[in-house]
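Here is the structure we will look at, set down as structure tokens.
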Amino acid sequence: MSFTRDDVDIISRETGFKGFYRLDVLNLRHRLFNGGWGPVLRRELFVRHDAVCVLPYDPWLDQVVLIEQVRIGALEKSDNPWMLELVAGLIDTDESPEEVAHREADEEAGLTLRSLHPITRYYPSPGGSDEFVHLYCALVDSRGVGGIHGLAEEGEDIRVSLWPREQALHALHSGRIDNAASIIALQWLQLNVDQLRAGAGDAP
């Protein structure tokens with residue numbers, strides 16, 4: 001049996017909170033696999049703009065660019081809430097995901113992306129959030145990259161660092177890198193690194 005959006009009946013939807021993000025309260029019911037309709041359910045939905053995440057990779061030096069910044073979601077479950085992550089940003093204007101990728105790479109890491117390679121698109125937590133992530137790997141010239149970046153008007157304090165690919169993978173396996181987008185992108189890179197390096201051409 002295959003369901004569609006028409007098999008979910010949204011009885012009511014109200015905004016419970018609206019700030020930088022939004023929380024909606026829904027009352028809904030949906031069709032059941034064995035037929036008929038289920039009971040009315042109350043659910044809270046965390047409403048976010050879609051996101052773009054980019055793993056910058058230098059195929060000539062075989063290293064990745066990672067950023068580090070404090071994340072409030074890790075405050076109570078990690079001894080170190082400064083997380084190693086990908087370049088990332090929200091699609092909160094009429095920009096395309098590719099345009100957001102280039103803009104955020106410049107703002108967060110001082111990077112110019114030479115080419116974008118789509119990895120996948122996915123919902124990171126669809127049980128309670130509508131966020132949708134566009135995930136890329138981008139080829140970059142990493143020479144001279146590093147330091148502190150970010151937009152002061154947005155309160156960003158972002159440290160940029162270069163990681164040899166094998167060291168980044170070790171950080172993943174040891175648990176130092178523990179966020180979904182970075183894990184997925186680094187695993188994709190390991191599967192596709194030979195093809196990326198072979199097609200990169202001569203070093204800039």
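Counting from 1, position 63 in the sequence shown corresponds to residue 63 in full-length UniProt numbering; the numbering is continuous, with no gaps.
Here a beta-carbon is modelled for each residue, glycine too, at the ideal position from N, C-alpha and C.
- Boundaries of the beta strand (DSSP E) harbouring residue 45: 41 to 47, taken from the DSSP string.
- Less than 7 Å divides the Cβ of residue 160 from the Cβ of residue 147.
- Only residues of its own chain outside the window of five on either side were considered, and among them 1 have a CB closer than 8 Å to the CB of residue 33, listed in chain order.
- Taken through DSSP and simplified to helix, strand or coil, residue 68 comes out as strand.
- Residue 30 and residue 176 have their alpha carbons spaced roughly 40 Å apart.
- When the Cα atoms are used, residue 168 and residue 93 turn out to be separated by approximately 32 Å.
- Taking 7 Å as the cut-off, the beta carbon of residue 137 is found no closer than this to the beta carbon of residue 86.
- DSSP places residue 155 in the coil class of the three-state scheme, outside both helix and strand.
- Secondary structure note for residue 188: its alpha helix (DSSP H) is the uninterrupted segment 180 to 199.
- Under the DSSP assignment, residue 8 falls in the beta strand (DSSP E) whose first and last residues are 8 to 18.
- One Cα belongs to residue 101, the other to residue 125, and the distance between them is close to 21 Å.
- Boundaries of the beta strand (DSSP E) around residue 51: 51 to 58.
- A direct Cα-to-Cα measurement between residue 9 and residue 130 gives close to 17 Å.
- When only Cα atoms are considered, residue 75 and residue 14 end up about 29 Å apart.
- For the pair residue 157 and residue 43, the Cα-to-Cα distance works out to about 35 Å.
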